[in-house]
Structures are given as structure tokens and as C-alpha cells.
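S.K.: The following block contains the structure, expressed as C-alpha cells.
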Amino acid sequence: MGAEEGKMPGNEHTLVFRRLIEEGFNGGRLSVLDELLTADFVDHSPCQKLGGAADLRERIALLRIALPDLHACVDQLAAADNMTWAAVTIRGTARGVPGLPASDECLGFSRVETCRYVNGRIAEYWSETADLLEQLGISVP
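In terms of the numbering used here, the sequence shown opens at residue 17 and continues consecutively.
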């Protein structure tokens, strides 16, 4: 971890992460990603295909189509140096995605999200999404 990492107090990183959840996932304000992610952001999550911020933007948009009443709750959040780790629970009613019928079933799943920060922005993001995709009927390669 060099000086270029732009270390901030862990609390500052937790505020950035909470904005991602509250404004991005819950609020659907995808433009907030421009403020929260670095230009060379890397999404390490399964099923990423576009590269970088475009993957996260697409995944949030798809989640909000599939679960229009989506609500993400940060159950636990820890920070150290330039990293955060969060246990997040997402709930919503399955309204379907293009090519899949709506089940109108209430879905809920928990996942761990890990972020690495550079100069106060998220540079790398890891999240497990297979459980949700399975509940929505989407096969994961």
C-alpha cells in the first residue's frame, strides 16, 4: 500500500460505501457511481462482462427492474486502511426481467461486499450475486 492509495480514515470509506448502497442500489441514482468510483474501477463480481463501472451500473439497473421495490440494508460494515467489508441483505418482490416471467415472490438474500479505495473512491469491488440470480431463475456460467 503506497502513498498513491490515498488512505482516508476508515469512517470516510464507510460513508462512501453507504452512499453506494443508499443512493445507487436503493435510490436507483446511477449517476452517483461517477462520484463514488475511480476512473479505472474494477468489478471482480461473478458474471461481469462489460468491464469496470459499466458492469456495476448494468447490474444495479437489472436488479431494480427485477425487484422494483428493492431495498438493500447494510447489516454490518467494517473498515481498515483502504478496505471495507459489508454484510448486505437485499429484499424485493420479483417482477421479472426481460425473458423471464415475474413470480411476484418476495425474495431476500445476503451477501458480503468488499471494496478497495483509492483517494476516497471505490477502485475495486467484490460481491457474490449467484444466490440472487438463482432465485430470479437466471443461470450463472
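The beta carbon of each residue, even a glycine, is placed where N, CA and C say it ideally should be.
1) Which complete beta strand (DSSP E) runs does the stretch 114–144 hold, if anything under 3 residues is left out?
2) DSSP beta-bridge partners for residue 93?
3) Can you give the beta carbon distance from residue 52 to residue 32, rounded, assuming they're within the 8 Å contact cut?
4) Enumerate in chain order the residues of its own chain whose CB-to-CB distance from residue 28 is below 6 Å, with the five nearest sequence positions on each side excluded.
5) Exposed or buried, what is residue 94 when buried is set at 16 or more other beta-carbons lying within 10 Å of its beta-carbon?
6) How many Å lie between residue 124 and residue 84 at the Cα?
M.R.: So, from the data block:
1) Entirely contained in the stretch 114–144, the beta strand (DSSP E) runs reaching 3 residues are, in chain order, 122–134, 137–143.
2) Per DSSP, 102.
3) Approximately 6 Å separates the beta-carbon atoms of residue 52 and residue 32; this is inside 8 Å, confirming the contact.
4) Nothing listed; no residue qualifies.
5) With fewer than 16 Cβ atoms within 10 Å of its Cβ, residue 94 is classed as exposed.
6) Pairing residue 124 with residue 84, the inter-Cα distance amounts to about 13 Å.
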